[in-house]
Each structure stands twice: as structure tokens, then as C-alpha cells.
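**Q** Dumping the structure here so I can ask a few things about it.
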Amino acid sequence: GKEEAQVVQVYRQGELLTTELNMTLELEDEIITDSVSTAILIFPGGNEVIVTPNTHVKISSIFVYFGKVLVKVRKAFSVETEYEVISAEGTEFIVRVEPNVEVETIVLEGAVQVASKIQGWPPKRVTQFQRATIPWQQEPEISDMDQDEINEYIRWRNQIEQVVKG
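For the sequence shown, position 61 (counting from the first letter as 1) is numbered 54 according to my numbering, and the numbering increases by one without interruption.
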């Protein structure tokens, strides 16, 4: 019903728009999901960003204020957070932002480069099944995920995709 569609809010220059299925978004539009809604953003070139519940993003490539996104990149694409830029091509990864705590990038396929917006640390490469955790305003810590974590993220990804395709 109509109420259901309103759980994904889209703001353009501060104005709340009426959201509709397959609406065309513009640069600088902001998308905010509530606790139960998921939005899928499809960019030219086939790049996809799945915005999970309780998440706030802005369209540039994509800027994540808080929450969690699943990103599938076919052509060059970048995701930004307050402190970093994650650039990728031909990959699939998750970005989770907890404001003033940490930013986490989890790579499910391929590799990404994580760079500081203020050149606070040298760019780092994060490859499949690794995670880069950036504690608030610090340098990323890169670690390998164990099999349980990998399985958990893959399950989560598959669930999100079911929701989107449903």
C-alpha cells in the first residue's frame, strides 16, 4: 500500500519527495530507510547499491552517513564515508558506518582500495574475505575473516538479495 512506500524517505535539497517504485534519483539526493525497509539503487553501468534498514546515504557515487550498504560494482565506482573513499571495480562489498565509532568495509568478491579523504594514511588494498575496520578518525586495521563470519555475511547478502528480488 501507499504507507509502505513511505518508509524509504528521499530528500532533494532538503525537501521530502513522494517516493515511488522505480523513481529516478539525482545527484545529492538523500535516502533514509526505516527499521524494516530496503532500497536498491541502480547506477549507470549496472552498479548496484542495496541500502539496508536504518541507513542514510547520499548519491554522489554513494556517501554513507550511517547504516549498512551492500555494493555490487561492475564498472569503476566509489563509496564515501566521512573519513574515507572506497574505490572498486568488479567487486562486491559491504560498508557499515557507526558514526563516531567506526567504519567497516567487508569484501565478499574482488578487492577494493580504501583511501583517507585527508591523506591521513596511505591507501590500503582490501581483498576477498578481508575486512578493513577504521576506528573513529584512525588508520584502517585489515584482517582476514574466519569461515563463520564469511558464511554469516554471505547468508546476510543472500537474504538481502531475496528481499530485493521479492
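All C-beta atoms, glycine included, are put in the ideal place defined by N, C-alpha and C.
How about residue 66: is its C-beta nearer than 8 Å to some C-beta of chain C?
**A** No chain C is present in this structure, which holds just one protein chain.
**Q** Does the beta-carbon distance from residue 81 to residue 44 come in below 8 Å?
**A** Here residue 81 refers to the residue found at position 88 of the sequence shown. Here residue 44 refers to the residue found at position 51 of the sequence shown. Contact: no.
**Q** Excluding the five sequence neighbours on either side, which residues of its own chain have a C-beta within less than 6 Å of the C-beta of residue 92, listed in chain order?
**A** The count along the sequence shown starts at 1 and reaches residue 92 at position 99. If we look at residue 92 and ignore the five residues flanking it on each side, its Cβ neighbours are 59.
**Q** Could you check which residue in 10, 35, 158 has the C-alpha nearest to that of residue 25?
**A** For the purposes of this step, residue 25 is identified with residue 32 of the sequence shown, where counting begins at 1. The option with the nearest alpha carbon to residue 25 is 10.
**Q** Consult DSSP for residue 135 and reduce its assignment to one of helix, strand or coil.
**A** As a working mapping, residue 135 is identified with position 142 in the sequence shown. Looking at residue 135 - three-state DSSP - the assignment turns out to be strand.
**Q** With DSSP run on the structure shown, which of helix, strand or coil describes residue 52?
**A** Looking up residue 52 in the sequence shown gives position 59. Of the three classes helix, strand and coil, the one that applies to residue 52 here is coil, per DSSP.
**Q** Do residue 107 and residue 133 have their CB atoms nearer than 8 Å?
**A** Position 114 of the sequence shown holds residue 107. Position 140 of the sequence shown holds residue 133. Contact flag set, yes.
**Q** Go ahead and pull the three-state DSSP assignment for residue 67.
**A** Within the sequence shown, residue 67 is the residue found at index 74, counting from 1. In this structure, residue 67 counts as coil in the three-state DSSP scheme.
**Q** Leaving out five residues before and five after residue 96 in sequence, what residues of the same chain have Cβ atoms less than 6 Å from its Cβ?
**A** As a position in the sequence shown, residue 96 is number 103, starting the count at 1. Hits under 6 Å: 74, 90, 127.
**Q** Taking Cβ positions, are residue 36 and residue 64 nearer each other than 8 Å?
**A** The residue you call residue 36 lines up with position 43 of the sequence shown. The residue you call residue 64 lines up with position 71 of the sequence shown. Cβ distance not < 8 Å, so residue 36 and residue 64 don't count as in contact.
**Q** Give the DSSP-derived three-state secondary structure of residue 155 in the structure shown.
**A** By 1-based counting over the sequence shown, the position of residue 155 is 162. Residue state, collapsed to three classes: helix.
**Q** Can you have a look at residue 48 and say buried or exposed, based on whether 16 or more other CB atoms are within 10 angstroms of its CB?
**A** In the sequence shown, the residue the question calls residue 48 occupies position 55. Answer is buried; the Cβ neighbour count reaches 16.
**Q** Put residue 147 into one of helix, strand or coil per three-state DSSP.
**A** Counting from 1 along the sequence shown, the entry for residue 147 is found at position 154. Helix at residue 147.
**Q** Residue 37 by DSSP, collapsed to three states: which one?
**A** Looking up residue 37 in the sequence shown gives position 44. Three-state result, residue 37: helix.
**Q** Counting along the chain, where does the beta strand (DSSP E) carrying residue 128 start and finish?
**A** Taking the first residue of the sequence shown as 1, we reach residue 128 at position 135. Unbroken beta strand (DSSP E) run through residue 128: 123 to 128.
**Q** Would you identify the three-state DSSP class for residue 140, choosing helix, strand or coil?
**A** As a working mapping, residue 140 is identified with position 147 in the sequence shown. In the structure shown, residue 140 sits in a helix (DSSP, three-state: H, G or I).
**Q** Using the Cα positions of residue 151 and residue 157, report the straight-line distance between them to the nearest angstrom.
**A** The residue you call residue 151 lines up with position 158 of the sequence shown. The residue you call residue 157 lines up with position 164 of the sequence shown. Roughly 10 Å separates the two Cα atoms.
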